[in-house]
Each structure stands twice: as C-alpha cells, then as structure tokens.
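Input: a single structure, listed below in structure tokens.
Numbering (the working numbering), first residue to last: 379 to 543.
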C-alpha cells in the first residue's frame, strides 16, 4: 500500500518563511498616531449639546418657578375677589366688554401670617372692547380681607372705575 502526500497549498504559494518577522523594537513611527478615543471623535457635537441642554434646563426651571408663583397669586382670595367684582361691574362691562379675563403677568405681592396679612396687586385685564389694569391693596385681619384700594384703570379714560363695595 502506497501513501501519497497531498500538499495543502498549491505549489505556487510558499508555506511559511523560515525566518520569523522582526520584533518591534520601540514605539510606532511618529507618522502613525493612535486612533482618537471617544472624546476625540465626538467633542464637536458633544459640547454644543451640553450647552443647549444646560440652557434648556435653566429655562425650564425658571418657567416652573414663574408658573408656580403666578398660580399662587391667581388662586389667592384677593385676586379672585377682584376678578369677581370686575366681571359683575356694569361699568367694566361697558368699558371692556364681556368676558373680562386676567392677563398672564400679575405683579405685586401677597403676604400672610396666620389670620393677618396684606396684598398689593396689579392685575392686567382685557375684554373684547379694550384692556386695563386692576389695582388692589388689601389687608387681612382675623381672616377677613378689607380692600383699601380696588379699582380698574383703563388707559384713555379720565377716571378709574371703582370696584369696592
């Protein structure tokens, strides 16, 4: 029985060099820099993204604080009473029309401590015929609000419209 040896590679290819490749003797050549890391590849879009996210977060925080403060003012008894009296007044209906609605930015302050406190508000209002500002000053004593000033100022009209009872 005869065995023949079949070469694994065709004869045109060399199998393996008898001399191993030389070992690296130091750092790679200077013209081949290592590939950049994640930050090196992505900093051009990451920095603007971080800046935008920071500004959006700050703006959202300011908006939430503003919304909270406006909600507190608009849910107060002096604000509700002023709007109720404005909507019930025939003079206001004549000057502004109906319905009379409050504007977005109520200014002033309300301070309470137990059953006493004070309020100073400027409430922008508008209706189909025009707009104006309700000015309100009130003091709370024993849990009851007493209004020292409560009137509507309509630009272009000579006198304020009194809203106190």
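Note that the Cβ used here is the ideal one computed from N, Cα and C, for glycine as well.
Check whether residue i and residue j have beta carbons under 8 Å apart
| i | j | result |
| --- | --- | --- |
| residue 539 | residue 445 | no |
| residue 502 | residue 483 | yes |
| residue 513 | residue 496 | no |
| residue 486 | residue 504 | no |
| residue 475 | residue 506 | yes |
| residue 541 | residue 464 | yes |
| residue 453 | residue 488 | no |
Residue from the options with nearest C-alpha to residue i
| i | options | result |
| --- | --- | --- |
| residue 490 | 477, 512, 517 | 517 |
| residue 509 | 535, 492, 499 | 535 |
| residue 460 | 537, 403, 399, 500 | 500 |
| residue 543 | 537, 462, 478, 498 | 462 |
Sheet register partners of residue i (DSSP bridge)
| i | result |
| --- | --- |
| residue 487 | 498 |
| residue 458 | Residue 458 pairs with nothing; no bridge assigned. |
| residue 480 | 503 |
Beta-carbon proximity list for residue i, same chain, < 8 Å, skipping 5 on both sides
| i | result |
| --- | --- |
| residue 524 | 516, 517, 518 |
| residue 493 | 518, 519, 520, 521 |
| residue 417 | 424 |
Residues near residue i in its chain [Cβ-Cβ closer than 6 Å; skip 5 each side]
| i | result |
| --- | --- |
| residue 473 | 532 |
| residue 526 | 515 |
7 Å Cβ shell around residue i - same chain, five flanking residues per side excluded
| i | result |
| --- | --- |
| residue 469 | 539 |
| residue 422 | none |
| residue 478 | 464, 465, 470, 503, 505 |
Sequence ranges, beta strand (DSSP E) only - wholly within the region 495 to 540, length at least 3: The DSSP assignment places complete beta strand (DSSP E) segments of no fewer than 3 residues inside the region 495 to 540 at 509 to 519, 522 to 531, in order along the chain.
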